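Notes follow once the structure below has been shown.
In the numbering used here, the protein residues as written are 1 to 302.
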C-alpha cells in the first residue's frame, strides 16, 4: 500500500452528555472526503481513543468504513494500555473493512525493543493488514530503535512509520537507513523537514479544519518540489502548529479550531477540561492569522 498525501487523524465529536455524536462524525468524514484528503485515521490520539470504551472504538471503525464508502481509505488506530485489547481491535478493524492499521508501543509498560517487536508482530498476525508504525515516545515512553526496526523488517505488512518524536535526527536516520519504510510526517512543526527528507505523506492534525490547505502544502512540496512556496505556507501555519503541539490544550484547541470554521467539535471527555476564555481568544487570533496568510498565498494559484 502506498501511503501518500494527507492522512487526517479525525476528532471524535461528543454531545453535551459526552456520548459520541455519530451524526456529526458522519459529517466530518464527508467533509474530509469532499476536501480532497487522501485518507482518514480513526482511533488516533486526536480522536481521544484513550477515553473510549472498546465497544465505542469498534463501532467507530464500522461506522467510518461504511460512511467513507470507498471514497477514501480508513486507517484504524489499535493502540491500548492492555495489549489483548490491541489484538482484539486489530481483528475488529480488519472485520470492519479498514484498509490499514496505526500501531504504537503500548504506553506506560516501557517494553524493550525485542518485546515491542513481538507485540507489533502479534498485531500483524491478528489482522494481516498494512501497518503504519507510530513512534511517539513522548506519549508511550519508548522509541522505536534500530533493533526494533530490524526485527520487524521481515514482515511485508510493516510498510510505513509515522515519526512523532520531534527529533530531526530521527527523520534523517529513517530516510537514510530504512528506505523500505515509507516515512510519514508526524510532527506538525517539522512537516517541511519531513518533505525535504522524502516523506510523501503527512498525518495532519490541522487538516481537521484546514484540509484543502494541508493538501495544497503536500502538493506544493512533494508533487511540485516548490519548497520556496512550501516554506511560505509552513511559515503561515507554524504559530498554529506550535500552539497545538506545545500549548498544553491540544485536544481542546483542535476541537475549538474546528468550531471556528463551523465544523463539528464538541466537548472533550475527562480528565480534560474546557479552555479558558484567554486561551480561546489567543487561539482564535492565531487561526485567523494563519487563514488570512494561507488565502493570500493560495490566491497565487488562480
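Quick reminder that beta carbons are idealized off the backbone N, C-alpha and C, glycines included.
This structure is a prediction, so every number in the text was calculated from the model and none was measured.
- In the three-state scheme derived from DSSP, where H, G and I count as helix and E and B as strand, residue 211 is classed as helix.
- Residue pairing by DSSP places residue 174 in no beta bridge whatsoever.
- Sequence-distant partners of residue 155 (beyond 5 residues in either direction) whose C-beta falls short of 7 Å from its own C-beta, in its chain, are 121, 124.
- Pairwise C-beta distances place the segment 219-235 out of contact with the segment 174-185, as fewer than three of them are shorter than 8 Å.
- Linking residue 10 to residue 42 through their CA atoms gives a straight-line distance of about 6 Å.
- In the structure shown, the three-state DSSP call for residue 297 is helix.
- With contacts defined as CB atoms closer than 8 Å, residue 160 and residue 3 qualify as a contacting pair.
- The bridge partners DSSP lists for residue 206 come to none.
- Taking the Cα positions, residue 57 is about 42 Å away from residue 300.
- Pairwise C-beta distances place the segment 22-33 in contact with the segment 64-77, as three or more of them are shorter than 8 Å.
- With distances taken between CA atoms, residue 90 lies nearest to 131 out of 51, 112, 131.
- Here residue 246 is not near residue 203, since their CB atoms are 8 Å or more apart.
- If you look at residue 182, you'll find it in the beta strand (DSSP E) that goes 182-185.
- At a Cβ-Cβ threshold of 8 Å, residue 38 and residue 77 do not count as neighbours.
- With contacts defined by Cβ atoms closer than 8 Å, residue 224 and residue 205 do not form a contacting pair.
- Here the segment 98-109 makes contact with the segment 139-152; the two share three or more CB pairs at distances below 8 Å.
- For residue 25, the enclosing alpha helix (DSSP H) starts and ends at 22-34.
- Of the candidates 40, 84, 34, 100, the residue whose Cα lies closest to the Cα of residue 54 is 84.
- Per the C-alpha coordinates, the member of 151, 24, 61 positioned closest to residue 114 is 151.
- Under the criterion of beta carbons closer than 8 Å, residue 51 and residue 269 qualify as touching, at roughly 4 Å.
- Judged by their CB atoms, residue 264 and residue 24 are nearer to each other than the 8 Å cut-off.
- For the pair residue 211 and residue 35, the CB atoms are nearer than the 8 Å cut-off.
- The three-state secondary structure of residue 163, taken from DSSP, is strand.
- Around the beta-carbon of residue 271, fewer than 16 other beta-carbon atoms lie within 10 Å, marking it exposed.
- Distance from the Cα of residue 93 is smallest, within the candidate group 72, 118, 119, 60, for 60.
- In the DSSP annotation of this structure, residue 9 is not part of any alpha helix (DSSP H); the continuous beta strand (DSSP E) holding it starts and ends at 5-9.
- Across the structure, residue 209 and residue 231 are spaced so that their CA atoms are roughly 20 Å apart.
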